[in-house]
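For the sequence shown, the UniProt record's numbering gives the first residue as 1, with consecutive numbering after it.
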Amino acid sequence: MDREQHGGWVYIMANRYHGTIYVGVTSHLAARVLQHRNGEGSDFCIRYGLNRLVWAERGPDMRACIAQEKRIKRWQRAWKFELIEAANPDWRDLYEELAMR
Numbered sequence: 001m002d003r004e005q006h007g008g009w010v011y012i013m014a015n016r017y018h019g020t021i022y023v024g025v026t027s028h029l030a031a032r033v034l035q036h037r038n039g040e041g042s043d044f045c046i047r048y049g050l051n052r053l054v055w056a057e058r059g060p061d062m063r064a065c066i067a068q069e070k071r072i073k074r075w076q077r078a079w080k081f082e083l084i085e086a087a088n089p090d091w092r093d094l095y096e097e098l099a100m101r
């Protein structure tokens, strides 16, 4: 099976409520978030202490996820906050819920 068909995730990391955010894409969300939490993720996340998963969306394939990531990255900051708060109004860290699945 082609890797593009396995699906993926678009996700947002934050350092605090209404703080700095990072939009990313991955095929294995739990592993990627763990990298960010351990200071092994992107340089941007390391620099700003982004270790809280505040939003994630499953996509049907990596191409769709990458396209969605690029769209969200172009959005205004307020729109990104609205996206997060529609699913996670308290900006709680969703990693523990993810790890329990």
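Quick reminder that beta carbons are idealized off the backbone N, C-alpha and C, glycines included. All of these numbers come straight from a predicted model, not from anything done at the bench.
In DSSP terms, what residue i is bridged to
i     : result
Met13 : Tyr22, Leu53
Gly8  : Gly59
Buried or exposed (CB count within 10 angstroms, at least 16 for buried), residue i
i           : result
residue 117 : Examination of residue 117 is not possible in this model, given that the chain is present from 1 through 101 alone.
Arg79       : The question names Arg, but residue 79 in the sequence shown is Trp. By the neighbour-count rule (16 or more Cβ atoms within 10 Å), Trp79 is not buried but exposed.
Glu69       : buried
Asn51       : buried
Phe44       : exposed
His36       : buried
Met1        : Here Met1 scores only 35 on pLDDT, less than 50, and its place in the model should not be relied on; the value that follows carries that caveat. By the 10 Å Cβ count, Met1 comes out exposed.
Gly39       : exposed
Proximal residues to residue i (C-beta, below 6 Å), its chain only, five neighbours per side dropped
i           : result
Tyr95       : Val33, Leu53
residue 103 : In this structure the chain extends from 1 to 101, so residue 103 is not present and cannot be described.
Local conformation of residue i per DSSP, three classes
i     : result
Arg71 : helix
Arg37 : helix
Asn88 : coil
Leu94 : coil
Close beta carbons around residue i, own chain, < 7 Å, minus the five adjacent residues each side
i     : result
Tyr17 : Trp91
Ile84 : Ile12, Val54, Trp55, Trp91
Leu29 : Trp9, Tyr11, Ala56, Leu98
Tyr48 : Asn15, Thr20
Distance cut-off 8 Å: residue i Cβ against heavy atoms of the ligand PLP
i     : result
Glu82 : Summarising the ligand content, the structure contains no ligands, and the ligand PLP is consequently not present.
Beta-carbon separation (whole angstroms), residue i vs residue j, contact threshold 8 Å
i     : j     : result
Gly19 : Asp61 : Not really, about 31 Å apart at Cβ, beyond 8 Å.
Neighbourhood of residue i by C-beta distance below 8 Å, restricted to the same chain and skipping five residues each side
i     : result
Arg74 : none
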